[in-house]
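For the sequence shown, the tail end lands on 113 under numbering that gives the first Met the number 0, and the numbers increase by one without skipping.
Before any comments, here is the structure.
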Amino acid sequence: MKNVRSPLSARSLRLALFRLLVAAGPAGLRAGVIAERLGVQPSSLSFHLAQLVHAGLITQRRLSRQLIYSAEYGAMNALLVYLTENCCGRDAVCAPACDPAIGCGSAAPKTTAA
């Protein structure tokens with residue numbers, strides 16, 4: 000791992016971190032692996048991990064001397080449901096931007112008035 004500061008903003012770093020953990024699956028990743036993959040100093044990473052744990056979006060567990068982090072899929076799904084139901088306001092229905100089963104391509108989000 001390089002000893003340089005990450006060019007990512009806090010928001011971008013947390014999003015990249017969350018995406019990495021979602022892709023890793025329920026087994027999760029060790030903190031050191033996350034730091035290497037994102038190119039972030041462990042001290043900075045621990046702050047962002049703690050924020051995501053506090054928000055309930057990820058979980059932390061100890062395996063011997065290692066800390067393992069995993070996405071909290073229940074919270075993620077609840078957030079997606081909330082955003083989908085409320086993304087366009089009360090007077091509009093949001094259509095999915097893409098079908099994950101077939102890929103998104105360059106599809107733009109669609110909204111229609113209710």
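Glycine included, every Cβ here is placed at the ideal spot set by N, Cα and C.
All values derive from a computational prediction rather than experimental measurement.
Using only CA atoms, which one of the options lies nearest to residue i?
i, options, result
"G38", "A49, N76, S11 and C86", "S11"
"I67", "R18, A23 and L14", "A23"
"G55", "G73, P41, V21 and R64", "G73"
"Q124", "I33, L19 and R13", "This structure leaves residue 124 out entirely; the chain is present only between 0 and 113."
From residue i to residue j, what does the alpha carbon distance come to, in whole angstroms?
i, j, result
"V80", "S43", "31 Å"
"F17", "I57", "8 Å"
"S69", "Q59", "7 Å"
"R61", "L82", "32 Å"
"S45", "S8", "15 Å"
"A30", "P41", "8 Å"
"L78", "N85", "10 Å"
"A49", "M75", "17 Å"
"S63", "H53", "22 Å"
Applying the 10 Å Cβ sphere with the 16-neighbour rule, what's the burial state of residue i?
i, result
"L51", "buried"
"E71", "buried"
"H47", "buried"
"A26", "exposed"
"L28", "buried"
"L14", "exposed"
"L20", "buried"
Going along the chain, which unbroken runs of the beta strand (DSSP E) with 3 or more residues stay wholly within the region 13-79? Taken in chain order, the whole beta strand (DSSP E) runs of length 3 or more contained in the region 13-79 are 57-62 and 65-70.
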